[in-house]
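Worksheet for the structure shown next.
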């Protein structure tokens, strides 16, 4: 597309222009945005963003894995929701399952996250880290170059995957946590490295004096984690995907002091940050930050009493928020064992029988965006 052709598009009515732009891959949109300020404002318009996000309905991608002495399994499953204001149904078509072990005969992948149909996985054989980016729909994948810093106990590494809507860039964020000993105490110094898809190399992006919990969540073009300082106090740390800077702010009320990290997780409730806490023996609760970074806006949104009908399966283990449905029902992942639904108003609670045991799950929107559109990457097909 030439500059003249791109500029001539501005003569079209906005609804038609929205429709055209919403079908373009991110790399083409980045070029279009560079043509003029008018295109930049248009692609950031709320109506355009709504249309582009709704092109494919958001479902759930499930990474089920197992590793024992006799066999290895590693499968992707796709859960779709027919979501309505008053009701919903879900379906899982086994014919669409993707056997990763068939195409990648190695130890199981661990899913990091999904953005616009691209799925990030990590793979840790013998302390050597390998990061894959796949599009299950186009059957393309790339392998990222190795980053610096060896993942070896007591040091630790975790990854997150996000999207910068200003530059239209996809970024893998690596947090390398080095344990520091000082006067008979220990704490973590966390170094951040960033890989931008299409750039070909990792770069340093500062550090933070926190211990990071796994599974960062995306909101407001930032990745967020629960973190702990040297004294064990909890807060929320964000990494801005545009300017690549860290910030921290208070966590939910009553939870700023040291807690049992294995019972708590960070998530997104609609368009708000939330903290899921399963520490109490009597109930599980979800706190929601209604206004971003406004400490006083935290409210207790969900309380699930742990009753005998739960048969003991709900208590004391970490629970992850996955999706809020149109009718208000909420989808959760209990540890890495199973999915369950809870309706805060109707007080219903039920397990899903899609799969159980050794699973990771993430919101996922299928797309035909091609990895080969990113120059500088070696793209493979499986």
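In our numbering, the protein residues as written are 2 to 383. C-beta: ideal position from N, C-alpha, C; glycine also. Given the structure is predicted, the values throughout are model-derived calculations rather than measurements.
- Taking 8 Å as the upper bound for CB-CB distance, residue 251 and residue 236 are in contact here, some 6 Å apart.
- Secondary structure at residue 373: helix, using DSSP grouped into helix, strand and coil.
- In the DSSP assignment, residue 68 falls within the unbroken beta strand (DSSP E) covering 60-68.
- Residues 124 of the same chain have their beta carbon placed closer than 6 Å to that of residue 131, with the five preceding and five following residues left out of the count.
- Contact between residue 118 and residue 136 holds, with the beta-carbon distance rounding to 6 Å and staying under 8 Å.
- Between the alpha carbons of residue 329 and residue 72 lies a gap of roughly 40 Å.
- In the DSSP assignment, residue 189 falls within the unbroken beta strand (DSSP E) covering 186-197.
- A residue is called buried when at least 16 other Cβ atoms come within 10 angstroms of its Cβ; residue 315 meets this threshold and is buried.
- In the three-state DSSP reduction, residue 367 falls in the coil class, being neither helix nor strand.
- For residue 323, the enclosing beta strand (DSSP E) covers residues 320-325.
- Around the beta carbon of residue 346, fewer than 16 other beta carbons lie within 10 angstroms, which makes this residue exposed.
- Rounded to whole angstroms, the gap between the alpha carbons of residue 103 and residue 344 is 38 Å.
- With respect to the 8 Å criterion, residue 138 and residue 368 are classified as neighbours on the basis of their beta carbons.
- For residue 179, DSSP records a beta bridge to 190.
- In this structure, residue 378 sits near residue 198, with a CB-CB distance shorter than 8 Å.
- Each residue's CA atom was taken as its position, placing residue 65 and residue 184 some 43 Å apart.
- In this chain, the beta strand (DSSP E) harbouring residue 344 covers 339-344.
- As the crow flies, the alpha-carbon of residue 201 is around 34 Å from that of residue 271.
- Look at residue 145 here: in three-state DSSP terms it is coil, with no helix or strand label.
- With contacts defined by Cβ atoms closer than 8 Å, residue 318 and residue 359 do not form a contacting pair.
- With a beta-carbon spacing of about 17 Å, residue 176 and residue 122 fall beyond the 8 Å limit used to define contacts.
- Annotation for residue 242: no alpha helix (DSSP H) segment contains it, and DSSP assigns it neither H nor E.
- A straight line joining the alpha-carbon of residue 98 with that of residue 63 spans about 10 Å.
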